[in-house]
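Structure record follows, encoded as structure tokens.
Residue numbers (my numbering), protein chains in the order written: chain A, 1 to 404; chain B, 1001 to 1404.
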């Protein structure tokens, strides 16, 4: 199949593109490089050095990978997605090209507006580009769209019985940040496009991803993908192994009782491939809950502590987010298993591998970017305790650690 | 109370502002004039001539109304709402300042994007402006957010029982246009702001409004509000009385079996006042379904026909929208009644009054703007059968009928 991956320079876009190519598909990526711009803005960088998109695409071909074509541009630009589709002629579009950080969206008004406009307009552009073409949309959503309801979470839809009557409705959402909200907005817009234009769409409500290695990244160190550990773009397990590499306390928010669906990055790429290879029907808005296991945050911290080479402790921080610390959580996730997903469950070897990776790159760790300073309760936040990020006070270049 | 009305130059914003002032409140309005710009773009105008905002505010004071202060600006501009709030010091903000036409949002990509960005960013700006101030937000939503589910529609929230467990969740939405979707996005954003910042908000899910006269407009002809009858901004009953005034067939979409909640414009202004005078609690996201009666579209057409002075027929048009022609519809609407709303139910006198008004201004009717040309199934639509509105083909000035 011919597959266009939007956001193909990002953490998961890049490994998905390689995995699709390795699976025999013709792949092109489109990316604006905005994720690297966020690094520049935030003074952060990937723990693992990564090459430019052009370099990675060239290395991938050099090691014998099925060539990946690279397009540059912003999906928010009118006509850009349609133009690239016309040139490449995809049968499926995989859409990773969104601002994906909840804390980033909660910095202040400008970042909330940027996140929602960027994500909603990009997805609208994709919908207008594929309407009437028969191209299957595979869109990255998030389990965070659901929040933590006191009832079982289904996969996107709910068979509702109310006052003796029945209907099939979108599962009610209670997202926890302006970022998560942007994905809820996307889901509603996509469902509408399926209804009125007959678009075939799969919304992948993904859990928290851990790990950075896939079968494809192992071919050459220069094919590595981003490893984010900072308070803004880092995800929980990746951040903890960095804290462990520093010999510092692992931090949880509140008591760490939050439960989330999680998955290995190798399962992410497999899920994306399975969704593409088994497309939705025309007019179908299909939702998969894309995770393999549920973990409590404290429970993860205990596992990292038990495998860390040195003695470390676990610190409970005041939760900068507004969320329940203890809650019911039981989310369905059978549809990708039904398509053939064989999960890589979280084992000690995976955690140990991550600990080793963090140790290898420990000289690149910037302690200042780890501790959370973005508080959901405030409407304006500074990015580090000792500096303000008001409009005219962006970090100067010399404050940013060296990066790719 | 001190009340700031955003979008106070529009169809309902203006009459609400006057009604609040007439009820003894200190009122200011903020408007960018964009509704008049849409007229210029579409080549349409209000059937009833209306003055500029400055003229209307001056006439209102001249006839003895409690003075209304007028601010000019766009709520999408960063800092504008916060700045006006600082100057005026409101206790409540009533937010009408959104693009409110479903067909407008379905013209093409640019109009869909404009509608969602304009509405979502404006509301985000309002939320950031009021967070932490204790100001009560009264936001205009729409009954169209719900769509036409096969179950009873509740007022915003649903007591859900699912697999033996219970939760209170936002009522699932199935909106019918990118405009309606923008209001669903707003509702989710507002509920989140209530949760994390303790904002007090009332979301008024309003039905289809008919009529243009209120107690306040009757004081002077120059205080009149917009009367829209065109395919883009016109609402169903107002459009039908214009067709009747022309002696032309009343048109319904499909068989006209669509059922909608509707209300008299006099009840709109009363509902807004009741919501303001009985504010939501801090942190409360309160939803009122703001309509008084349910009508089928065909049923409305029959009533207009029976009261029209000449013999007219009812034509069934191919429905340009994607919606159910026959469907279950039963929506709760008790909360505003509980606050004291005394509905003006649709009586023959109201319809006859509208027929008379349309007859009085029949020389101002532009037949070309009535018939629907915006088809939900297409991604690009022309605004009239004989002209295209592609990017570089906006209607020339001389194509627009004379207007205010």
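Note that the Cβ used here is the ideal one computed from N, Cα and C, for glycine as well.
All values reported here derive from a predicted model rather than from experimental measurement.
- Pairwise C-beta distances place the segment 1061–1076 of chain B in contact with the segment 1030–1039 of chain B, as three or more of them are shorter than 8 Å.
- In the DSSP assignment, residue 1068(B) falls outside any alpha helix (DSSP H) and lies within the beta strand (DSSP E) extending over 1068–1072.
- For residue 1177(B), the number of other beta carbons within 10 angstroms of its own is at least 16, and it is reported as buried.
- Measuring C-alpha to C-alpha distances from residue 1010(B) to each of 1347(B), 1353(B), 1227(B), 1246(B) identifies 1227(B) as the nearest.
- For residue 1192(B), the nearest CB of chain A lies under 8 Å from its own CB, placing it at the interface with that chain.
- Counting along the chain, the unbroken beta strand (DSSP E) around residue 1290(B) starts and ends at 1285–1290.
- Annotated as distal: residue 1101(B) and residue 1272(B), with beta-carbon spacing of 8 Å or more.
- Residues 1001, 1003, 1020, 1025, 1092, 1094, 1136, 1138 of the same chain have their beta carbon placed closer than 8 Å to that of residue 1276(B), with the five preceding and five following residues left out of the count.
- If you check the CB distance, residue 265(A) and residue 354(A) do not come in under 8 Å.
- In chain order, 1341 place their CB closer than 7 Å to the CB of residue 1270(B), counting only its own chain and leaving out the 5 sequence neighbours on each side.
- The straight-line gap separating the alpha-carbon atoms of residue 64(A) and residue 27(A) is approximately 14 Å.
- Leaving aside the five residues that flank residue 1142(B) on each side, the residues in its chain whose CB is nearer than 7 Å to its CB run, in chain order, 1180, 1183, 1205, 1206.
- Taking CB atoms only, residue 84(A) has no neighbour in chain B less than 8 Å away.
- The C-beta of residue 189(A) comes closer than 8 Å to at least one C-beta of chain B.
- Interface with chain A (8 Å Cβ-Cβ cutoff): residue 1261(B) is excluded.
- For residue 1152(B), DSSP assigns no beta-bridge partner whatsoever.
- Look at the segment 1135–1153 of chain B: the residues with a C-beta under 8 Å from a C-beta of chain A are 1149, 1150, 1151, 1152.
- Here the segment 1242–1259 of chain B does not lie against the segment 1120–1131 of chain B, with fewer than 3 beta-carbon pairs under 8 Å apart.
- Neighbours of residue 1175(B) in chain A, taken as residues whose beta carbon is under 8 Å from its own, are 188, 192 in chain order.
- Residue 1261(B) has 1294(B) as its beta-bridge partners, per DSSP.
- Membership of residue 1116(B) in the alpha helix (DSSP H) is indicated by the continuous run 1109–1130.
- Judged by DSSP secondary structure, residue 316(A) falls within the beta strand (DSSP E) whose first and last residues are 314–317.
- Between the alpha carbons of residue 78(A) and residue 167(A) lies a distance of about 37 Å.
- Annotation for residue 360(A): no beta strand (DSSP E) segment contains it, though the alpha helix (DSSP H) segment containing it runs 348–360.
- Relative to residue 1056(B), the option among 1314(B), 1221(B), 1110(B), 1366(B) whose CA is nearest is 1221(B).
- Here residue 373(A) is actually not in contact with residue 357(A); their C-beta atoms are around 26 Å apart, not less than 8 Å.
- In terms of CA proximity to residue 150(A), 1163(B) leads the group 1236(B), 1216(B), 1163(B).
- Per DSSP, residue 205(A) is one residue of the beta strand (DSSP E) stretching across 200–206.
- With distances taken between CA atoms, residue 208(A) lies nearest to 144(A) out of 148(A), 156(A), 189(A), 144(A).
- Its chain contains 1131, 1132 as the residues whose beta carbon lies nearer than 7 Å to that of residue 1197(B), once the 5 sequence neighbours on both sides are disregarded; these appear in chain order.
- Residues of the same chain with a CB within less than 6 Å of the CB of residue 1325(B), apart from the 5 flanking positions on each side, are 1254, 1255, 1257 in chain order.
- At least one C-beta of chain A is nearer than 8 Å to the C-beta of residue 1078(B).
- By alpha-carbon distance to residue 314(A), the top candidate from 323(A), 300(A), 174(A) is 300(A).
- When beta bridges are read from the DSSP output, residue 1162(B) appears opposite 1165(B).
- Under the DSSP assignment, residue 1080(B) falls in the alpha helix (DSSP H) whose first and last residues are 1080–1088.
- Look at residue 1352(B): its C-beta is not under 8 Å from any C-beta on chain A.
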